[in-house]
Structures are given as C-alpha cells and as structure tokens.
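S.K.:
Protein chains in written order, with full-length UniProt numbering: chain A, 1 to 199; chain B, 1 to 152.
1) Ends of the beta strand (DSSP E) at residue 3 of chain B?
2) If we ignore side chains and look at the alpha-carbon of each, how far apart do residue 21 of chain A and residue 187 of chain A end up?
3) Check the C-beta distance from residue 103 of chain A over to residue 61 of chain A and give it rounded, since I have them as a contact under 8 Å.
4) DSSP puts residue 48 of chain B in a beta bridge; with which residues?
5) Between the segment 138–151 of chain A and the segment 72–85 of chain B, can you find at least three pairs of beta-carbon atoms closer than 8 Å?
6) With DSSP run on the structure shown, which of helix, strand or coil describes residue 141 of chain A?
7) Could you work out which residues of chain A lie near residue 16 of chain B, taking near to mean beta carbons separated by less than 8 Å?
8) Quick one: using the 10 Å Cβ neighbour count with 16 as the cut-off for buried, is residue 50 of chain A buried or exposed?
9) Between B:30, B:13, B:15, which has its C-alpha nearest residue 6 of chain B's C-alpha?
10) Restricting to Cα atoms, I'd like to know which of B:18, B:104, B:90, B:86 is closest to residue 71 of chain B.
11) Taking 7 Å as the cut-off, decide whether the C-beta atoms of residue 159 of chain A and residue 181 of chain A are in contact.
12) Check whether the Cβ of residue 144 of chain B lies closer than 7 Å to any Cβ atom in chain A.
13) Classify residue 144 of chain A: buried if its beta carbon has 16 or more other beta carbons within 10 angstroms, exposed otherwise.
14) Would you check if there are 3 or more beta carbon pairs closer than 8 Å linking the segment 161–172 of chain A to the segment 52–61 of chain A?
15) So the alpha helix (DSSP H) residue 10 of chain B belongs to, where does it begin and stop?
Set out below in structure tokens:
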C-alpha cells in the first residue's frame, strides 16, 4: 500500500509538472542576439568534432564508409568492397562483417585496423560526411534523423557512448577528433542553453 | 591461456597481445592460416572464431573467447568440407597461398547464405586478395559448393 501511495504521489507530481511545462513551451524566452552568437560559437566546436574524419568517415549517405583525413593522401571509399550491408545493419555483409577486421581494441601495428566492440556504420539518416555545418546542425536537431533523441540525449550519447568515445582514442597513426567527449558534451549543453542556433 | 582450436584444447603461453596467427603457427604448429600482409588487408590469415571469420594476423590472442576453426579442422572424419571439395573440382588454386583464407571466408558466407548470388559472393570475398587472379574460379567453386551442400 505504501508503495502505491508513493506511486500515486509521484504521478501527481508528474501531472503538476506536466501542467507547468506546456506553459513554458508555449511562451519560450526568445534567445538574445548575444545568446545566439555564443551558441553559434559553441556549435562551431561541435561541428569541428562531427565533421572530423574520425566521426564523419562512418556517417555516410551511401553504403560505403570512407578513408579520409590527414593519414590519407586522398579521400576514398573503404577498401575491400566493405559496405553497410544488404540487411541495413551497418555491419557489413555475410562473410565480411565489420568484426572480421575491427576487434575490441585498436590494432597496434601501423595501418592496422582500429577497433571498438560496437564498430559499425551510423544509420543512413545520420549523414555527416560531405555535409555542411548548416546541414549537420539541422540533422542533429531533427528527432526523425537523430535516433529520436532530445538534444539533452544527444549530449548524453556523445558523452557516454563507447563507439563515439573511440573518436578521441583512435590508436596510433590516426588523428583524434578535436577536444574530448567531456568538452564536446559541455559544448552541446552550452549550445542548447543558448537556444541551439544553427548557422 | 587455453584455446580450443579445431576441437582440441591447446595451452598457449604467450603475451595476450600476440596476434592469434602467431600463436597458431609458431606455438601450436597449426600452419594452415598464412601470413600475408599482417594488417588485415589481404585475408590470407582468415580463421573462424565462434563461427565468425576474422583476420588472425591482427586479433590479439588474449581477446579470443570462443572456439577457433582453421582450415586444418574443416574436413570431418576424413571427408572434405563441401567448399574444399568444390575447390578441388574447379581446380581453383594456382600458387595456393591465399586459398586457406579464401576457403574460410567462403565457408562463412555459405553458413549465412546457402545459395549466394554473384553480388553476395563479391560482397563477402572482397577482403580476400589473390595475386594469381583466381577470382572467376573462386566464384564458380562457391556456387558448386552451394550445390554440394544442398545435395548433401
């Protein structure tokens, strides 16, 4: 019975809370010009991460991850006919899945495959490779194209996801994404607080 | 550490960072998987771990947590695996160096897709290089193996 009472009390709080939230949403404080400028500065930090080859190489529009970045003379598709996978899994095709070469850790040999146990392509709607800052900003704010996440959950994902975290720990011979997961998480929070402006 | 390779338990006394291929060839004396590039770029070292084809030249032996199957363990009770049989019937090999890896990838493909199309074969075999250029015969052998498996 006590548990039921607590549950009901919690439900009441939720209802009260729900009553407050729409009023706030209906009349949001418009961000000031200063907030927007500050938000755009934060977005530039975020975009530098999202567009970095460690992240963008596997956020592709087509079925082919890329090899690009300072380690490569030119941008090219991933060798060996590696693809997203006919099943749409983002983990390759029968006989040649990502985990045929990409294991739990980075290979220590020069030009060996990097690794993480969650290695796979990002979903096709989350396209960053070759996209502009404006396009990536619109995508990351669109729940239809960001995995159904609020911006708070986007920040949490960047902060905690192991494969995202690999971008700052890519092993020898590969340039890491700028900053850190913590710095990017905080930049997203500041960007959201400033109204999450896009260029 | 203890590995199970081709159904047999093998004790490996080695640095966990040693590539599985080194442990197989230099410690266990299992010579079917071959060293080619050493960076997972040619496929000659392909073995299965837990049924998944992997490039053993870059997989740390300390990370192996499932049964290992090499081409040495593919035949059962003196009978060649259908993929091996098809390879013989199509006379695929030329120098043969890459063929252990080719066969192990083909086995994995047929385990998932019993009647692969040309596209399925190209998608699966793209990471296994053959400098003799036996690709047309590899494709024919995979299709023959699919028929052999279906008739078995």
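The beta-carbon is built from N, C-alpha and C at its ideal position, and this holds for glycine as well. Computed from a prediction, not measured in an experiment: that's the story for all the values here.
M.R.: To lay it out plainly:
1) 2–5
2) Because the pLDDT at residue 21 of chain A is just 36, under 50, the model does not fix this residue reliably, and the point stays unresolved.
3) Between residue 61 of chain A and residue 103 of chain A the Cβ distance is about 27 Å, and since that is not below 8 Å, they are no contact.
4) B:53, B:69
5) no
6) helix
7) Here the premise fails: no neighbours, minimum Cβ distance about 11 Å.
8) buried
9) B:30
10) B:104
11) yes
12) no
13) exposed
14) yes
15) It is not in any alpha helix (DSSP H) - residue 10 of chain B instead sits in the beta strand (DSSP E) that spans 8–11.
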